[in-house]
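One structure is given here, and the rest of the page talks about it.
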Amino acid sequence: MTASGSAGNRAVQTARFLLEVDGTELGYFNECSGLGMTVQTEQIEEGGNNQYVHTVPGRITWTNIVLRHGVVTANAFLEWASSVSGDAFAKSGNKVARSTGAVTALDEKGGRVVSWIFTDGFPVRWGGPSFSAGGQEMVTEEVEIAHHGIRVESY
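Numbering (this note's numbering), first residue to last: 234 to 388.
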């Protein structure tokens, strides 16, 4: 797996990804997607100008972060999900308690290579393992996190 980041402007071989939220390790994963954003645009037609239409930037939308093929640490992720939804959401006056977290690419020795730090995040999906009595598959989970932005930190 290759993670691209500003780690010396080179491709970095990664062994896995670490998910941390508010300083707590929530799990290790083998696959990460959704580290992206899109700038919405608006087109403005100028009277008397028939050569082009002005395109101006609008809102930024951030894609949800999805981590797959891993296992969350104990109940930490599910406790985080419970703290921002259901009864906890109602008790907080229907306000989402957002968190800061990071998805960190680790090298084959477990050293930190690059982190994608997200702000104002909260969990929106968790998928547990599928079981088969005759299966040889590893137990894996999948998590999805909505957020308000990402910054990159290299080590």
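We treat Cβ as the ideally placed atom computed from N, Cα and C, and that holds for glycine.
None of these values were measured; they are calculated from a predicted model.
Check                                                                                                     : Outcome
Nearest-angstrom Cα separation, counted from Gly334 out to Val407                                         : Residue 407 lies beyond the residue range present for the chain, which begins at 234 and ends at 388; the question has no answer from this structure.
Residue closest to Thr296, alpha-carbon to alpha-carbon, out of Gly303, Gln276 and Gly267                 : Gly267
Classification of Ile383 by the beta-carbon crowding that lies within 10 angstroms, buried from 16 upward : buried
Opposing strand residues paired with Gln276 [DSSP bridges]                                                : Thr288
Reduced DSSP category for Asp353 - H, G, I as helix; E, B as strand; rest coil                            : strand
Cβ-based neighbour list, Ala330, same chain, cut-off 7 Å, excluding 5 preceding and 5 following           : Ser316 and Val317
Beta-carbon spacing of Pro290, Thr274 below 8 Å                                                           : yes
Residues that DSSP places opposite Gln369 in a beta bridge                                                : BP columns for Gln369 are empty, so no partner.
Whether Val385 touches Trp349 by CB criterion (8 Å)                                                       : yes
Alpha carbon of Ala379 to alpha carbon of Phe351, nearest angstrom                                        : 9 Å
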